[in-house]
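Written out below as structure tokens is the structure these notes cover.
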Ligand code: GDP
Ligand code: MN
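Numbering (my numbering), first residue to last: 546 to 923.
So, in structure tokens, the structure goes:
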């Protein structure tokens, strides 16, 4: 679960990380009032679940409350990477001497939390990784011991030489690691971590993702969920009990089982296509779930072909077939649908589908190849 910068900053503040104050506005009026309250220059920042807001024009410096109001009226409602800005953070502007990057994430390869730090902050860390990988230092943390003091110090000395800065950064590394573990983060990132002309080290941006599986034991963090800020399709899928992740391709995928769904996406790519989504309809064979899945997939204008891949075990193929026929009756489905069903009650299912005029297959290779071909033709 992604959370907003202002929420991530609350978590950071709770862990002791120096973070400038800030307040959230949903209207230009509110933004002006907040700015007037701080006095002086402020930064108006779009609150959306994506990075690169600066480049997109979603982070603006204002020298007066009136200017903050103008920026807010321009930023509120703007769209950054398909997400509409509904809130802005208004925060006192900081003078910046240098910008560094500090992040912790769960690293799949080493199966542990991993620190990444770079004195070249402010910009995309992916860009630094591609063009100047020596400027990034990585450190795997053994979760049994946590971040040890000498490790925190080592990371800090990679960023700064001045002992006063190293001391502050060492403390911040430990605080960030605590924020990361206390809140079950999969990612906690400060970009940039700045040094002010007065020699203070501060976090002026914060990006945090929370492991959804831990939300049940973190009710306060779960409160951070902002349904309005998430893609509408993901919200609808969650309500329908489907595991869904929106992607950028054009082959809509409807699969039962997370493993099979991943394998299906891999095969779509193998045959030269791009999946439009990850979707696991789960083990149930409730036709309503199939209807909801098709509603979500067909609402995506990028989808050019729809691919069903069902391995019937507890899930009965004939139930899924009935769901597909029912969905086609209830909603107007434009893209072609190709279906592969195998397992429990497969023969009944194939009959139901053929009678309704669908192309049904039993081979996974065949159906994926067909779906990729149809999407390419469209
Ligand atoms: P992002 O683009 O979504 O990562 O948003 P950031 O919060 O990181 O802001 C982008 C850039 O705007 C930063 O790297 C800074 O260079 C600049 N910026 C943000 N806040 C301030 C501020 O308080 N003062 C100044 N001078 N620049 C800022
Ligand atoms: Mn940033």
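Positions of the beta carbon are idealized from the N, C-alpha and C atoms, including for glycine.
Note that the structure is predicted; figures quoted are calculated from it, not measured.
Where residue i falls, given that 16 or more other Cβ within 10 Å makes a residue buried
{"i": "residue 567", "result": "buried"}
{"i": "residue 864", "result": "buried"}
{"i": "residue 613", "result": "buried"}
{"i": "residue 854", "result": "buried"}
{"i": "residue 720", "result": "buried"}
{"i": "residue 908", "result": "exposed"}
{"i": "residue 874", "result": "exposed"}
Heavy atom of the ligand GDP within 7 Å of residue i beta-carbon
{"i": "residue 641", "result": "yes"}
{"i": "residue 762", "result": "no"}
{"i": "residue 858", "result": "no"}
{"i": "residue 667", "result": "yes"}
{"i": "residue 734", "result": "no"}
{"i": "residue 599", "result": "yes"}
Own chain, CB closer than 7 Å to residue i, minus 5 neighbours either side, in chain order
{"i": "residue 857", "result": "886, 887, 888, 889, 890 and 891"}
{"i": "residue 634", "result": "550, 551, 567, 569, 590 and 592"}
{"i": "residue 792", "result": "820, 821, 822 and 823"}
{"i": "residue 700", "result": "660, 662, 682, 684 and 718"}
{"i": "residue 587", "result": "580, 607, 613, 635, 636, 637 and 638"}
{"i": "residue 920", "result": "795, 796, 818, 849 and 850"}
{"i": "residue 715", "result": "697, 698 and 701"}
heavy atom of the ligand MN below 7 Å from residue i C-beta
{"i": "residue 750", "result": "yes"}
{"i": "residue 596", "result": "yes"}
{"i": "residue 890", "result": "no"}
{"i": "residue 737", "result": "yes"}
Whole-number beta carbon distance between residue j and residue i, since they are thought to touch under 8 Å
{"i": "residue 593", "j": "residue 630", "result": "6 Å"}
{"i": "residue 784", "j": "residue 836", "result": "With 8 Å as the limit, residue 784 and residue 836 do not qualify as a contact, their Cβ atoms being about 13 Å apart."}
{"i": "residue 884", "j": "residue 548", "result": "Not quite, the Cβ-Cβ distance comes to about 38 Å (not below 8 Å), so this is no contact."}
{"i": "residue 553", "j": "residue 751", "result": "4 Å"}
{"i": "residue 749", "j": "residue 647", "result": "Wrong, their Cβ atoms sit about 12 Å apart, outside the cutoff."}
{"i": "residue 664", "j": "residue 692", "result": "Actually they are not in contact, since the Cβ atoms of residue 664 and residue 692 sit about 19 Å apart, beyond 8 Å."}
Sequence-distant residues of the same chain with beta carbon closer than 6 Å to residue i, five excluded per side
{"i": "residue 895", "result": "905"}
8 Å Cβ shell around residue i - same chain, five flanking residues per side excluded
{"i": "residue 555", "result": "none"}
{"i": "residue 702", "result": "711"}
{"i": "residue 598", "result": "590, 591, 604 and 625"}
Inside the stretch 619–707 only - beta strand (DSSP E) runs reaching at least 3 residues:
Listed in chain order, the beta strand (DSSP E) runs fully inside the stretch 619–707 are 633–637, 643–652, 657–663 and 682–685, counting runs of at least 3 residues.
Segments of 4+ residues assigned as alpha helix (DSSP H) that fall wholly inside the stretch 579–624
Correct list: 610–620.
Can you check the stretch 841–922 for any alpha helix (DSSP H) of at least 4 residues that lies completely inside it and give the ranges in chain order?
Taking only runs of at least 4 residues, the alpha helix (DSSP H) segments lying wholly in the stretch 841–922 are 862–875, 891–900 and 909–922.
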